[in-house]
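Its first residue numbered 1, the sequence shown is counted upward by one per residue in the working numbering. Below: the structure, in structure tokens.
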Amino acid sequence: MNVDLKSRKKRMSLLFDDIKLIHTDDLIKVCKITEKSLDNLKDAVMFYIWDCLISSNPNTKIKISENFFDINQNIIKNLPNITPNGLVVPKKENLMSFNKLQKVIFDEFSKNNINENIDRVQFPINVRLQSGSFKTEERPRASTKKHTDIWAGDPSGAIIVFLHLYGDYEKIGIDFFKTEQFPKSLVKTLDDYDYGNNKIDGIKELHLKYDDSGWIFVDPFILHQTFKKSDGIRISLDFRFIPKDKVDSDTFEDENRKPYFISVKEWKNFGDSKILATEQGLFGEIKKNSFTSSYPVDIFYKEILENENKNILTADKFIGEKYIKEKFNLSNQQYFEIFRNKENLLEYKVLTSQERDDVIKSILEKINLKDLRISGENNNDVWEKGWGEILDSIRHGFSPEKIMPQYFDHHKIMRLDGKFITEISDNFVYKYDQIIRKVVLKKYASSKSKLVELGCGTGSGTLLAALDLDENINITASDWAISSLPILKEISKFTCRDINAVQFNMLDLNGWDSLSIDEDTTVISFHALEQLGNNYKKLLSRLCKNKPLCVHLEPIYEYYNNENLFDTLAKNYHKKRNYLGKYLTDIKLLEKEGKAEILEEIRIGFGDRYHEAYSLLVWKGK
């Protein structure tokens with residue numbers, strides 16, 4: 001299936017219908033910029049770069065002049081606030097010049113008379129500096145590879161805006177390419193641009209000069225590529241905007257990027273009633289994200305009149321309908337069958353660099369503790385004690401909130417999509433846990449006549465199953481702690497459903513026969529198998545032999561990336577606690593032997609500060 005490019009071409013024509021163009025192609029338009037506007041922008045960018053230079057080189061005398069960029073080329077290339085892909089990002093030492101630049105860009109861009117057709121604009125506007133001296137070709141997502149910004153996480157409905165300001169564009173510039181077809185399967189974030197290029201046929205170069213004659217407007221289904229034939233420098237502006245007029249292929253928008261797209265009205269206010277700010281100094285860390293999911297510097301804005309700070313990284317109602325549908329591959333119908341309203345929304349705040357550093361320190365301290373409890377041992381004392389406390393709390397009256405496991409109270413700092421976050425919504429972890437469980441149960445446990453939960457604990461997942469699943473589905477809940485059984489009986493009374501409560505030990509399989517697992521069974525586990533460590537082989541063998549549909553929400557060691565610190569910390573913690581071993585690897589070996597089939601894998605990207613206990617694996621024996 002391919003993207004409908006005809007509707008996108010039509011939109012581009014309508015968008016620039018009343019604007020004088022100096023170049024037009026189906027999906028590329030160039031609008032002439034006046035000499036005065038260009039000079040204003042060049043001056044504002046020069047002032048910003050100069051501000052960066054004098055802040056980072058306090059002992060060097062640097063003057064603004066007509067040949068400023070030529071004279072200071074080498075020192076400019078060594079600025080400490082340049083990202084690998086060339087963004088010159090703001091730091092607290094140069095906020096005044098950066099905010100002035102943003103205001104000038106708005107004023108000059110608005111002269112194109114297209115603002116009334118814009119829904120949202122990417123903010124802040126990027127100042128980009130490229131040089132042949134910057135060796136980025138080996139990076140999987142280097143801008144020197146053919147790519148669409150969709151693969152970097154930008155919305156598929158966003159129009160890209162380029163403006164060349166300084167440098168020899170014939171030696172350091174951008175080439176543009178159109179495609180005969182664009183597969184819908186590639187409308188997503190990619191971790192390597194080569195993957196996308198290898199999947200697209202009929203890529204043809206467009207002969208468009210990347211010079212300073214005008215604003216270049218590019219549909220995201222046009223590929224582009226930076227080329228560097230000189231060690232000189234090129235300075236340009238780039239940003240994106242989302243038109244009010246939508247087409248069917250405007251389907252992809254990374255939730256992580258949403259906070260960086262603001263209304264034209266908000267954009268106009270920056271420099272007047274609002275200013276952009278950061279606490280990060282010029283020599284502070286620039287985020288080296290595996291995916292460019294957020295801005296490389298922790299930024300917020302200040303309401304000048306109200307003197308109020310607002311973190312633009314905080315997204316209200318962040319865990320919402322769109323996020324859940326995309327994360328779990330749910331259709332509209334599936335979503336509304338699970339959530340009959342849109343109230344299942346959660347808010348959080350992304351930690352600042354300093355807060356993140358403090359969290360990393362706490363994780364390292366935890367990993368180095370000598371008395372961390374190790375999984376994989378047949379020791380139920382801790383569970384009997386914990387679930388026994390829950391049992392005591394419900395003896396005088398059952399309510400769903402009373403069966404929340406105690407460990408949820410401990411987690412105010414969490415992992416979400418490659419970032420450390422803290423809750424804004426109360427009890428964020430447990431609430432999102434319940435949302436995930438509802439989705440998993442409804443999506444995967446409705447196709448069989450029996451449901452068996454392994455390691456049900458206090459029965460929070462069992463309760464959801466009893467409330468949400470069809471009454472014809474027989475429910476069995478098991479745990480190795482005997483104190484779970486009377487809790488399950490209370491859940492059975494509360495929901496008016498017959499729940500079969502079984503004491504089952506996943507290590508030695510004592511109680512297996514009472515589970516009655518066969519091909520008409522969905523076996524489900526919610527971060528329970530993690531306690532088996534490497535002692536899961538007996539259980540895996542039985543599951544494979546009896547052929548139920550297996551649905552696991554567990555920490556999956558193999559999903560972690562060796563190349564970033566965020567995942568390395570989780571891997572080390574996982575290993576130190578001896579959580580679930582190479583479970584996925586062993587299932588894949590069974591798959592190669594024709595004994596098993598993996599149906600779905602989703603790295604949900606959620607967990608406590610130490611690791612991710614919510615990775616989804618769906619499989620069955622063959």
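From the three backbone atoms N, C-alpha and C, an ideal C-beta is built for every residue, glycine too.
My output table needs one value for residue i: the three-state DSSP class, helix, strand or coil.
| i | result |
| --- | --- |
| ALA501 | strand |
| ASN546 | helix |
| GLN334 | helix |
| GLY397 | coil |
| ASN126 | strand |
| PRO58 | coil |
| THR148 | coil |
| SER213 | coil |
| PRO183 | strand |
| GLU627 | Since the displayed the chain opens at 1 and closes at 622, residue 627 lies outside it and no answer follows. |
| LEU351 | coil |
| ALA465 | helix |
| LEU509 | coil |
| GLU205 | strand |
| ILE242 | strand |
| VAL89 | coil |
Is the CB of residue i under 8 Å away from at least one CB in chain C?
| i | result |
| --- | --- |
| ASP358 | This model lacks chain C altogether, as it is built from one protein chain only. |
Quick check on residue i: buried or exposed, where buried means 16 or more other Cβ atoms within 10 Å of its Cβ?
| i | result |
| --- | --- |
| ILE482 | exposed |
| ASN307 | Interpretation of ASN307 is limited by its pLDDT of 49, a score under 50 that renders its predicted location unreliable; the figure taken from the coordinates is listed afterwards. Burial call: exposed. |
| LYS310 | Its pLDDT being 48, under 50, LYS310 is placed unreliably by the model, and the measurement read from it follows with that caveat. LYS310 should be labelled exposed. |
| VAL48 | Correcting the residue type first, residue 48 is Tyr in the shown sequence and not Val. Buried, by the Cβ-count rule. |
| PRO243 | buried |
| GLU170 | exposed |
| GLU253 | buried |
| HIS147 | buried |
| ASP70 | exposed |
| CYS550 | buried |
| CYS456 | buried |
| ILE319 | buried |
| ASP426 | exposed |
| ASN578 | buried |
DSSP has residue i in a bridge; who is on the other side?
| i | result |
| --- | --- |
| VAL452 | THR476 and VAL523 |
| SER236 | ARG128 and HIS164 |
| PRO84 | Paired residue(s): none; PRO84 is not in a bridge. |
| MET414 | ILE421 and ASP608 |
| GLU597 | LYS620 |
| ASN2 | PRO183 |
| PHE227 | GLY173 |
| CYS31 | LEU21 and TRP215 |
| HIS552 | SER525 and LEU617 |
| LEU346 | ILE319 |
| LYS178 | LYS204 |
| ILE159 | PHE241 |
| ILE602 | LEU616 |
| PHE261 | GLN122 |
| PHE270 | LYS274 |
Can you list, in chain order, the residues of its chain with a C-beta nearer than 7 Å to that of residue i? Leave out the 5 residues immediately preceding and following it.
| i | result |
| --- | --- |
| VAL104 | ASN40, LEU41 and ALA44 |
| ILE413 | VAL359, PHE420, THR422 and ARG609 |
| ASN94 | TYR48, ASP51, CYS52 and SER55 |
| ASP25 | LEU206 |
| PHE283 | PRO80 |
| ILE367 | ASN572, TYR573 and LYS576 |
Please work out which residues of its chain come closer than 6 Å, Cβ to Cβ, to residue i, disregarding the five sequence neighbours upstream and downstream, and give them in chain order.
| i | result |
| --- | --- |
| ILE19 | CYS31 |
| LYS419 | VAL350 |
| ALA613 | HIS527, PRO555 and GLY607 |
| GLU600 | VAL618 |
| TYR210 | HIS164, TYR169, GLY173 and ILE174 |
| GLY621 | CYS544, LYS547 and ALA596 |
Throw me the rounded Cβ distance for the residue i and residue j pair, which I believe falls under 8 Å.
| i | j | result |
| --- | --- | --- |
| ILE159 | ILE28 | Contact flag wrong, Cβ pair sits at about 10 Å. |
| ALA465 | LEU441 | 5 Å |
| ILE125 | PHE239 | 5 Å |
| SER249 | VAL3 | 5 Å |
| ARG8 | GLY153 | Actually they are not in contact, since the Cβ atoms of ARG8 and GLY153 sit about 19 Å apart, beyond 8 Å. |
| GLY196 | GLU180 | The Cβ separation is near 15 Å, so there is no contact. |
For a test of your reading of the model: does the CB of residue i fall under 7 Å from any non-hydrogen atom of the ligand MG? Yes or no.
| i | result |
| --- | --- |
| ALA570 | For the structure depicted, the ligand MG is absent and the ligand set is empty, with no information on it obtainable. |
Given residue i, which residues of its chain have a CB within under 8 Å of its CB, disregarding the five upstream and five downstream residues?
| i | result |
| --- | --- |
| ASN289 | Low per-residue confidence applies at ASN289: pLDDT is 40, beneath 50, and the placement is therefore not dependable, though the value from the model is reported in the following sentence. These residues qualify, in order along the chain: PRO296 and GLY418. |
| GLY511 | SER478, VAL502, GLN503, PHE504 and ASN505 |
| THR585 | GLU558 |
| LEU391 | SER483, PRO486 and ILE487 |
| ASN198 | none |
| TYR193 | PRO140, ARG141, ALA142, LYS145, LYS146, HIS147 and TRP151 |
| TRP267 | PHE106, VAL121 and PHE123 |
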